[in-house]
Amino acid sequence: MLGLIAATAGLLGAATATRPGLGAATPSNAQRLPDGIVFSGLTGGSYAFDGWRGQPILVANTASLCGFTAQLDDLQALYDRYRDRGLIVFGVPSNDFRQELATDEEVAEFCAVNFALDFPMASLNSVRGPDAHPFFRWLSGIHGFTPNWNFNKVLIGPEGDLLGTWRASARPVSRPIRRAVEAALMG
16 MLGLIAATAG
26 LLGAATATRP
36 GLGAATPSNA
46 QRLPDGIVFS
56 GLTGGSYAFD
66 GWRGQPILVA
76 NTASLCGFTA
86 QLDDLQALYD
96 RYRDRGLIVF
106 GVPSNDFRQE
116 LATDEEVAEF
126 CAVNFALDFP
136 MASLNSVRGP
146 DAHPFFRWLS
156 GIHGFTPNWN
166 FNKVLIGPEG
176 DLLGTWRASA
186 RPVSRPIRRA
196 VEAALMG
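Be aware that the sequence shown starts at 16, since it is given in the working numbering, and climbs by one per residue.
What follows is the structure, encoded as structure tokens:
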């Protein structure tokens, strides 16, 4: 029974954070986000993370047909609250958990009709396994964090360090995420 409870907690909500100054080792350059991470944009163009160096980035793997889809509003609220201070919120639609629409166009239309989103969003990407986008392969290979459901959140610091990871049930506007964002903005 405890194994089932632990597995369920891991699926839905445990937060993991690496916070320099709280006993964590300072990340080596090999642990930092590599140069050249680029995502195609949901409605065209591309997003190069190198262009956001010096700014914290909160990345969330999203899905339009998930029980956590309402978190899109929370992601927008977090972006609205901190964007003027430099926070980037970045959504990555994925169908790895079979809850995303079939095309970029359908995802863009769904977001436009149901949510007033203006934070950057990638085109559809895989977030786990051999077909995962290079960002998620780095996250898994170097840091051992692989999204296990939709709406996992990852905070990358201004220097490319992994500052925190949160599972699906952690709301983007929750106190732990806000505190980590605020610390990254002050650093």
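Ideal Cβ positions, reconstructed from N, Cα and C, are used throughout, including at glycine. Predicted, not measured: the structure shown is a model, and the values here were computed from it.
Sub-8 Å separation of residue i and residue j beta-carbons
i: leucine 57; j: alanine 117; result: no
i: valine 74; j: phenylalanine 105; result: yes
i: phenylalanine 54; j: histidine 148; result: yes
i: phenylalanine 151; j: arginine 143; result: yes
i: asparagine 167; j: arginine 190; result: no
i: glutamine 46; j: cysteine 81; result: no
i: tyrosine 97; j: leucine 177; result: no
Same chain, Cβ closer than 8 Å to residue i, five either side skipped, listed in chain order
i: glutamine 70; result: Gly101, Leu102, Ile103 and Pro173
i: leucine 125; result: The identity of residue 125 in the sequence shown is phenylalanine, whereas the question assumes leucine. Contacts found: Ser79 and Leu116.
i: valine 128; result: none
i: arginine 194; result: none
i: serine 109; result: Asn76, Thr77, Ala78, Glu115, Leu139, Asn140, Ser141, Val142, Pro162 and Asn165
i: phenylalanine 130; result: Leu87, Asp88 and Gln91
i: isoleucine 52; result: Ala63, Phe64, Asp65, Pro149, Phe150 and Trp153
i: serine 61; result: Val53, Phe54 and Ser55
i: valine 196; result: Pro71, Leu73, Leu93, Tyr97, Leu102 and Leu170
Whole-angstrom C-beta distance between residue j and residue i, which should lie under 8 Å
i: leucine 87; j: threonine 77; result: 7 Å
i: glycine 156; j: leucine 170; result: In fact, because the Cβ distance is near 18 Å, the residues do not count as touching under 8 Å.
i: glycine 175; j: leucine 48; result: 4 Å
i: aspartate 65; j: aspartate 50; result: 6 Å
Residues bridged to residue i [DSSP beta-bridge criterion]
i: valine 53; result: Ala63
i: leucine 73; result: Val104 and Leu170
i: methionine 136; result: Gly106
i: serine 141; result: Ala147
Contacts around residue i, its chain only, beta-carbon distance under 6 Å, and the 5 residues preceding and following it disregarded
i: valine 107; result: Asn76, Ala137 and Asn140
i: leucine 154; result: Phe160
i: histidine 158; result: Leu177
i: arginine 68; result: none
Any non-hydrogen atom of the ligand FMN within 7 Å of residue i CB
i: leucine 200; result: As far as ligands go, the structure on display features none, and thus does not contain the ligand FMN.
Sequence-distant residues of the same chain with beta carbon closer than 7 Å to residue i, five excluded per side
i: aspartate 119; result: Leu57, Ser138 and Leu139
inquiry  = Would you call the stretch 179 to 197 in contact with the stretch 133 to 144, where contact means no fewer than 3 C-beta pairs closer than 8 Å?
reply    = Here the stretch 179 to 197 makes no contact with the stretch 133 to 144; the two share fewer than three CB pairs at distances below 8 Å.
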